[in-house]
DNA sequence: GTCTATATAAGGATAGAC
DNA sequence: GTCTATCCTTATATAGAC
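Protein chains in written order, with my numbering: chain A, 114 to 327; chain B, 114 to 327.
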């Protein structure tokens, strides 16, 4: 979140860039092939150096995995910021905008969610716990949005947790099911249609659903 | 599906039993720890023999993975059989029963679906293709159910493929997200509530939803 | 049918040259 | 900062004894 404009020297800048390169390449490979099937040699190759060189910038494979978790915290925070910035809109509108944003791809953000989701099993136990906390926290965020709508009489929800859980899940699903979805939906269409699908499920007055997305 | 009651001799029976033991233990470990993190030693240990002994019954780790795929074909077939046996019920009823059945745990059936879903990336390419075909086929099955309901005027669906896709996905999600769901839902409750959630989304007349499941 | 011992391969990580 | 060479560990799979 903090953007440092002035680097202390050229070398530090290059190191940062290299770390980012490595991180991006790694996450991309992790999603495509799985963490365990991605070797450090491949990651090195992807950024154009050798294994030895790679370890000059990152301590271990585990460090890269931890970076994904930390990075995802920012993605979650920015969603909450979005909600705050919306201010006093109706609960329906708030849910629509937040769900849509959550389900839309932004660079690697979505791949990271999918990664956390699918590859949890390959992480150290403390990282697994951190990921669980992240997920619980974001499901809770959607629960709040839903409860707002219920109080306002706009939503009718049988089980708030379940709908919040589903909303959370739909994001990771898009990234890992590209082989099925990519020919049928753009990320934009997927986000819009899934959001509408949820709204159709919970809105008391269905006419409030905005058309679009196919 | 073919039940062979008479084994040719005692040895063949024992071999079958051992293979089943190994298969069950392996799938269970695969789901819990991931395919790559589960060693043949562990699988052997789980059935009470050593690695060397294990290879007397199965050719390779890959063979076990292929068995899951083959086994899942039966699960899918039995769902189709269920639909046929329902006969001339209303589309709403047909969808409800099939979705509910699909989303309910039956022994290891559900773990296998979750496995195919999450561990696809660790399979040989030809197995990956076979899994994709299986998934496409079952999504198509749900599409048919939905189209029946649309024709009968009972359903109103914006995107049939998306709803069918979601229905399919919800099964795997239950198995891999136990850490979140198991304190909140029994398998039965999960199945009922998710089915109702989908129905709420697609039914023209929402009063047809049966209450229950919490 | 199950064991022990071992061949073989692959990947993570380090040492030290340049 | 990047390379080469290599160590160490782990895992699949096989050979052959019992």
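Built from N, CA and C at the ideal position, the CB exists for glycine as well.
If distances are taken between C-alpha atoms only, which option among the options comes closest to residue i?
i	options	result
residue 277 of chain B	B:182, B:258 and B:269	B:258
residue 266 of chain A	A:323, A:213, A:203 and A:218	A:203
residue 211 of chain B	B:317, B:321 and B:312	B:312
residue 167 of chain A	A:133, A:229 and A:270	A:133
residue 318 of chain B	B:172, B:205 and B:139	B:205
residue 322 of chain A	A:256, A:275, A:219 and A:208	A:208
residue 303 of chain A	B:275, B:320 and B:286	B:275
residue 240 of chain A	A:183, A:153, A:316 and A:301	A:183
residue 149 of chain A	A:169, A:170, A:174 and A:158	A:174
residue 181 of chain A	A:190, A:244 and A:170	A:244
residue 291 of chain B	A:233, A:190, A:191 and A:170	A:233
residue 262 of chain A	A:316, A:188 and A:170	A:316
Does residue i pass the burial test, meaning 16 or more other C-beta atoms within 10 Å, or should it be called exposed?
i	result
residue 199 of chain B	exposed
residue 164 of chain B	exposed
residue 225 of chain A	buried
residue 235 of chain A	buried
residue 145 of chain B	exposed
residue 201 of chain B	exposed
residue 151 of chain B	buried
residue 114 of chain A	Residue confidence is low: residue 114 of chain A scores 43 on pLDDT, short of 50, so the model does not pin down where it sits. No coordinate-derived value is stated.
If I'm right that residue i touches residue j with Cβ under 8 Å, what's the distance once you round it to whole angstroms?
i	j	result
residue 156 of chain B	residue 142 of chain B	6 Å
residue 289 of chain B	residue 231 of chain B	6 Å
residue 216 of chain A	residue 284 of chain A	6 Å
residue 97 of chain B	residue 139 of chain B	Here chain B comprises residues numbered 114 to 327, so residue 97 of chain B is not present and cannot be evaluated.
From residue i to residue j, what does the alpha carbon distance come to, in whole angstroms?
i	j	result
residue 314 of chain B	residue 269 of chain A	12 Å
residue 264 of chain A	residue 222 of chain B	40 Å
residue 310 of chain A	residue 281 of chain A	14 Å
residue 273 of chain B	residue 256 of chain B	6 Å
residue 172 of chain B	residue 253 of chain B	34 Å
residue 197 of chain B	residue 227 of chain A	37 Å
residue 307 of chain A	residue 293 of chain A	15 Å
residue 193 of chain A	residue 179 of chain A	22 Å
residue 117 of chain B	residue 130 of chain B	In this prediction, residue 117 of chain B has a pLDDT of 42, which is less than 50 and means its spatial position is unreliable; what the coordinates show is noted afterwards. Between residue 117 of chain B and residue 130 of chain B, the C-alpha separation is close to 13 Å.
residue 147 of chain A	residue 214 of chain A	26 Å
residue 359 of chain A	residue 320 of chain B	Within the shown structure, residues of chain A are numbered from 114 to 327, placing residue 359 of chain A beyond reach of any answer.
residue 260 of chain B	residue 305 of chain B	21 Å
residue 154 of chain B	residue 160 of chain B	10 Å
residue 218 of chain A	residue 301 of chain A	8 Å
residue 271 of chain A	residue 128 of chain A	51 Å
residue 158 of chain A	residue 190 of chain A	33 Å
residue 195 of chain B	residue 170 of chain A	57 Å
residue 286 of chain A	residue 229 of chain B	14 Å
residue 242 of chain B	residue 242 of chain A	33 Å
residue 188 of chain A	residue 279 of chain A	18 Å
Cβ pair count under 8 Å reaching 3, the stretch 241–248 of chain A against the stretch 293–305 of chain A: no
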